[in-house]
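Worksheet for the structure shown next.
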Amino acid sequence: MQNIQDNNQLQTSFKEANSNRKKRISLHDLANVTLFIAAFIGIWQLVYVLGIWPEVSLPSPIRVGESFVDLFEDFTIFTSIGMTMYRLVIGFGISIAIGVTMGLIMVKFPGFGKTMSSFALGLQSFPSVAWVPFAILLIGLNDAGILFVVIMSSVFSVIILTYSGIQNIPPLYVRAAKNMGAKGISLFRFVMIPAATPSILVGIKQAWSFAWHALIGAEILIAAAVGLGHILLVGREFQLMDQVIASMITIFAIGLLFDRVLFSKLEERVRERWGLDQSIER
Amino acid sequence: MSSVEMVRGEEDARTNKVTDTDTNTNASKNSEKEMVILENISKAYNGNKTNRNSSNVNTSRSGSSTVLFEHIVLDNLNLRITEGEFVTIVGPSGCGKSTLLNILAGIDTSYTGKILIDGASIKRSPDTDRIIIFQEGALFPWLTVYENIEFGLKIAKISKEKRREIVMHYIDLVQLTSFAHAFVHQLSGGMKQRVAIARALVLNPKILLMDEPFAALDVQTRRMLYDQLVKIHEKTNKTILFVTHNINEAVALGDRAIIISPKIAGIKKEFKIDLPRPRQLDHPLINSITNAIIEESKEMYTSNSYFTSRYGNYSTESKPDLELESPQSQLA
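Below is the structure:
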């Protein structure tokens, strides 16, 4: 009886340990960040007061704040963020789907895989904006053109890390799985993909970064009707520096949010579950 | 040779009493069918790619220069294992014992000879009727203990309720019920091996192949696992082929200990260990058989190099690393 109780306790404690992650924002960190932002705005204000640049080229922080309010008031910022996010999700999603599938095909056909991986490696470092003229001529000045640029810039990271992730799976896992009857699709689904997940995640994180760069660049160059890039473009054309800076801050914030909140959380969870964090006991 | 005979005699005398009381089980054991039959298994590595010492070898003595090097790992090996038997294989590393296991498991497919499992000759591919347990466990870190044990059943598309029933039974057998939801990295080395054993047993294999499963564990854990493995063997009556380089382990666990010698690339000697279980690891009979095996092994050891007889007189750096200590020192 005692034993059963103990067992139950142990079981729940394992469940808790696995689900409960001690995660709280420390006050210390928060103070540091606030101080940093305050210092940044302070210096900005100081440079503005010194009057090195005319106001048109460098508006005050307050002016930028007002511009933010304007953008909020007529909902431009929301529709722009919404549209940009929509493109990002679609483009990035397609990119992950193609990338992982391609990675698997490359593992299945080693000859193709070897060639393709060096090809993909070259294209991975290809500047994303350099795809723009090609996209405009091939597809046109539209959303599909933007998506094309986003996909081309990010898909190769996913391909490479899926491929290398699966290549680097300990052969023992595969041997054990085959011994237990796994083959073909079940081997891919239940062993290779989960085993390569930490690596695939690194690829996705990297791809996100490339996709984000490419998306804003493409939005500026392939004059989109709506989007954060479009605000930048309009700001440049009408010499609205406050709007340009407001848009840049928004882009920065979104990037930070994705990186800090989404991807690091995801990575932390995966690393913990896969037992990769054992050396860093917290 | 005489020492071995002596051991055999001694062993008979000691076990007589036990066999009398246990006639039932013994009789049924004797009448049981042969689960595994290995016939004339031969395996050779040849060519340039295999051996680290091969680069300096000049095979001018052989007329043709096509085959640069041939290393025969197994030479016409024959072995029969009856159902429910616990057979251990000992030998120094490089003697081909792991190769034999891989051949049986269907992982190594380039060999000649015939293998029958439960009367049917096997395909040269892995199958769930022969499950191998590796030294490192090879558990999947992304799954919990429960999910790891469930893995083979899930692949076999067994219904969820049925799976649960089977998994719970075996997780209980290896006494890890309270760790069902733990991840693999939260377990100790001994627990990992118990999970590996449960994961193999759920598939109800005809033979369990164990490739030095306890070699990476400390002595206390190892002794605990001996007890558990013996109990599991008793309860499930699985046929087990257990490969190890630890002589004392082989003698303490097996119904039969088989010595493989790299010199003859095959079975050098067999020892029947007719001792009731649970066994005391420092039982005098275990000690004397262990010592007899050590004597046998010394012969392999003292012969200059075990390649000598086959490949001329070049010397090799590799030495057999069979554990030659006395059983006492192994237990310390």
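Listed in order, the protein sequences are those of chains A and B.
When the first sequence is numbered by my numbering, its final residue is 368 and no position is left out of the sequence of numbers.
When the second sequence is numbered by my numbering, its final residue is 328 and no position is left out of the sequence of numbers.
Ideal placement from N, C-alpha and C gives every residue a C-beta, glycine not left out.
Just so you know, these numbers come straight off a predicted model, no measurement behind them.
1. On the criterion of 16 or more Cβ atoms from any shown chain inside 10 Å, does A:F195 qualify as buried, or is it exposed?
2. Please report the distance separating the alpha-carbon of A:L319 from that of A:W130.
3. Run through DSSP, which three-state label would A:H114 get?
4. Can you pull the chain B residues whose beta carbon is under 9 Å from the beta carbon of A:W360, in chain order?
5. Does the distance from the CB of B:L277 to the CB of B:R195 come in under 8 Å?
6. Should B:H229 be labelled buried (16 or more other beta-carbon atoms within 10 Å of its own) or exposed?
7. Are the C-beta of A:S272 and some C-beta of chain B separated by less than 8 Å?
8. Given a threshold of 16 other Cβ atoms within 10 Å of its Cβ, counted over all protein chains shown, does A:R359 qualify as buried or as exposed?
9. Please list the partners that A:N265 has in chain B, where partner means a Cβ-to-Cβ separation under 7 Å.
10. What is the rounded straight-line gap between the Cα of A:G413 and the Cα of A:T120?
11. Looking at the C-beta of B:L277, does it have a partner C-beta in chain A at a distance below 8 Å?
12. Return yes when the Cβ of A:I317 is within less than 8 Å of the Cβ of A:T162, no when it is not.
13. Mind checking who B:R126 pairs with in its DSSP beta bridge?
14. Buried or exposed, going by whether 16 or more other CB atoms sit within 10 Å of the CB of A:W298?
15. In chain order, what residues of the same chain lie with their CB nearer than 8 Å to the CB of A:G303, ignoring the 5 residues before and after it?
16. Apply the 10 Å Cβ neighbour rule to B:E292 and answer buried if 16 or more other Cβ atoms are within range, or exposed otherwise.
17. Looking at the strands, I want to know which residues DSSP matches up with B:N242.
18. Name, in chain order, the residues that DSSP records as bridge partners for B:A116.
19. Measure the Cβ-Cβ separation of B:I118 and B:G102 and say whether it is below 8 Å.
20. Chain B beta carbons: is any one of them nearer than 8 Å to that of A:P140?
21. Could you tell me if A:F198 is buried or exposed, where buried requires 16 or more neighbouring beta carbons within 10 angstroms of its beta carbon?
22. Assign A:N118 to one of two classes, buried (16 or more other C-beta atoms within 10 Å of its C-beta) or exposed (fewer than that).
23. Counting only Cβ pairs nearer than 7 Å, list the residues of chain B close to A:L258.
24. Can you give the Cα-Cα distance for B:G80 and B:R190, rounded to whole angstroms?
25. Helix, strand or coil for A:E141 per DSSP?
26. Just to check my reading of the structure: B:F82 and B:F238 have Cβ atoms closer than 8 Å, yes? What is that Cβ distance to the nearest angstrom?
27. For a contact defined as C-beta to C-beta under 7 Å, what are the partners of B:G148 on chain A?
28. Which residues, in order along the segment 193 to 224 of chain B, keep a beta-carbon less than 7 Å from a beta-carbon of chain A?
29. If the criterion is Cβ atoms closer than 8 Å, does the pair B:D71 and B:I243 meet it?
30. Going by beta carbon distance, what residues of the same chain come within less than 8 Å of B:N54, once the five residues before and after it are set aside?
31. What did DSSP end up calling B:D354 once you bin it into helix, strand or coil?
32. In chain A, which residues lie less than 9 Å from B:A152 when you measure between Cβ atoms?
33. Relative to the alpha-carbon of B:I68, which residue among B:K268, B:Q131, B:G92, B:D214 has its alpha-carbon at the smallest distance?
34. Have a look at A:W139, A:V135, A:P147 and flag the residue whose alpha-carbon is nearest the alpha-carbon of A:F126.
35. Which one or two residues does DSSP pair with B:G262 in a beta bridge?
36. Give me the DSSP bridge partner(s) of B:T108.
So, from the data block:
1. The residue labelled residue 195 of chain A in the question sits at position 109 within the first sequence. A:F195 should be labelled exposed.
2. Indexing the first sequence from 1 puts residue 319 of chain A at position 233. Indexing the first sequence from 1 puts residue 130 of chain A at position 44. Distance from the CA of A:L319 to the CA of A:W130, rounded to the nearest whole angstrom, comes to 23 Å.
3. Looking up residue 114 of chain A in the first sequence gives position 28. It is helical.
4. Looking up residue 360 of chain A in the first sequence gives position 274. At a C-beta separation below 9 Å, A:W360 has these neighbours in chain B: P137, W138, F179, H181.
5. In the second sequence, counting from the first residue as 1, residue 277 of chain B sits at position 281. In the second sequence, counting from the first residue as 1, residue 195 of chain B sits at position 199. No. Outside cutoff.
6. Position 233 of the second sequence holds residue 229 of chain B. The residue is buried, with at least 16 neighbouring Cβ atoms inside 10 Å.
7. The sequence position of residue 272 of chain A within the first sequence is 186, counting from 1. Cβ-Cβ to chain B under 8 Å: yes for A:S272.
8. Here residue 359 of chain A corresponds to residue number 273 of the first sequence, with the count starting at 1. Buried, by the Cβ-count rule.
9. Counting from one through the first sequence, the residue named residue 265 of chain A turns up at place 179. Within 7 Å Cβ-Cβ: A101, P122, I127, I128.
10. This structure gives no information on residue 413 of chain A, because the portion of chain A shown stretches from 87 to 368.
11. To locate residue 277 of chain B, count along the second sequence from 1; it is residue 281. Answer no: the Cβ-Cβ gap between B:L277 and chain A never drops below 8 Å.
12. Locating residue 162 of chain A in the first sequence gives position 76, counting from the first residue. Locating residue 317 of chain A in the first sequence gives position 231, counting from the first residue. Going by C-beta atoms, A:T162 is nearer than 8 Å to A:I317.
13. Taking the first residue of the second sequence as position 1, residue 126 of chain B is located at position 130. Its beta-bridge partners are B:I203.
14. Residue numbering aside, residue 298 of chain A sits at position 212 when the first sequence is read from its first letter. Around the beta carbon of A:W298, 16 or more other beta carbons lie within 10 angstroms, which makes this residue buried.
15. Here residue 303 of chain A corresponds to residue number 217 of the first sequence, with the count starting at 1. Sequence-distant Cβ neighbours of A:G303 in its own chain, meaning closer than 8 Å and more than five residues away, are S214, V215, V218, V235, G315.
16. Stepping through the second sequence from its first residue, residue 292 of chain B is reached at position 296. With 16 or more Cβ atoms within 10 Å of its Cβ, B:E292 is classed as buried.
17. Taking the first residue of the second sequence as 1, we reach residue 242 of chain B at position 246. Per DSSP, B:N242 has no beta bridge partner at all.
18. Start at 1 with the first residue of the second sequence, and residue 116 of chain B comes out as number 120. DSSP, once it has assigned bridges, lists B:I113 as partnering B:A116.
19. For the purposes of this step, residue 118 of chain B is taken as the residue at position 122 of the second sequence. For the purposes of this step, residue 102 of chain B is taken as the residue at position 106 of the second sequence. Contact: yes.
20. Position 54 of the first sequence, counted from the first residue, corresponds to residue 140 of chain A. Contact of A:P140 with chain B is not assigned, every C-beta pair being separated by 8 Å or more.
21. As a position in the first sequence, residue 198 of chain A is number 112, starting the count at 1. Around the C-beta of A:F198, fewer than 16 other C-beta atoms lie within 10 Å, and the residue is accordingly described as exposed.
22. Counting from 1 along the first sequence, the entry for residue 118 of chain A is found at position 32. It is exposed - the Cβ of A:N118 has fewer than 16 other Cβ atoms within 10 Å.
23. For the purposes of this step, residue 258 of chain A is identified with residue 172 of the first sequence, where counting begins at 1. Below the 7 Å Cβ cutoff, chain B contributes F130, E132, A134 as neighbours of A:L258, in chain order.
24. Sequence index remark: in the second sequence, residue 80 of chain B carries index 84 (1-based). Sequence index remark: in the second sequence, residue 190 of chain B carries index 194 (1-based). Rounded to whole angstroms, B:G80 to B:R190 spans 20 Å at the Cα level.
25. Taking the first residue of the first sequence as 1, we reach residue 141 of chain A at position 55. Assignment of A:E141 by DSSP, reduced to helix, strand and coil, places it in the coil class.
26. The residue you call residue 82 of chain B lines up with position 86 of the second sequence. The residue you call residue 238 of chain B lines up with position 242 of the second sequence. Right, their Cβ atoms sit about 7 Å apart.
27. The residue labelled residue 148 of chain B in the question sits at position 152 within the second sequence. Under the 7 Å cutoff, chain A gives M266, G267.
28. For the segment 193 to 224 of chain B, the residues whose beta carbon sits under 7 Å from a beta carbon of chain A are, in order, L199.
29. What you label residue 71 of chain B is simply residue 75 of the second sequence in a count that begins at 1. What you label residue 243 of chain B is simply residue 247 of the second sequence in a count that begins at 1. In terms of Cβ geometry, B:D71 and B:I243 do not form a close pair [threshold 8 Å].
30. Residue 54 of chain B sits at position 58 when you count from the first residue of the second sequence. Low confidence applies to B:N54: its pLDDT is 45, below 50, so where it sits in the model is not reliable, and the reading given next is rough at best. Residues of the same chain with their beta carbon placed closer than 8 Å to that of B:N54 are lacking, with the five preceding and five following residues left out of the count.
31. Nothing can be reported for residue 354 of chain B, as the shown portion of chain B is limited to -3 through 328.
32. Along the second sequence, read from residue 1 onward, the residue named residue 152 of chain B stands at position 156. Those within 9 Å of B:A152 in chain A are M266, G267.
33. Here residue 68 of chain B refers to the residue found at position 72 when the second sequence is read from its first residue. When only C-alpha atoms are compared, the closest one is B:G92.
34. Residue 126 of chain A sits at position 40 when you count from the first residue of the first sequence. Among A:W139, A:V135, A:P147, the Cα nearest to that of A:F126 is on A:P147.
35. The sequence position of residue 262 of chain B within the second sequence is 266, counting from 1. Answer by DSSP bridge pairing, in chain order: B:S257.
36. The count along the second sequence starts at 1 and reaches residue 108 of chain B at position 112. B:T108 is bridged by DSSP to B:S38.
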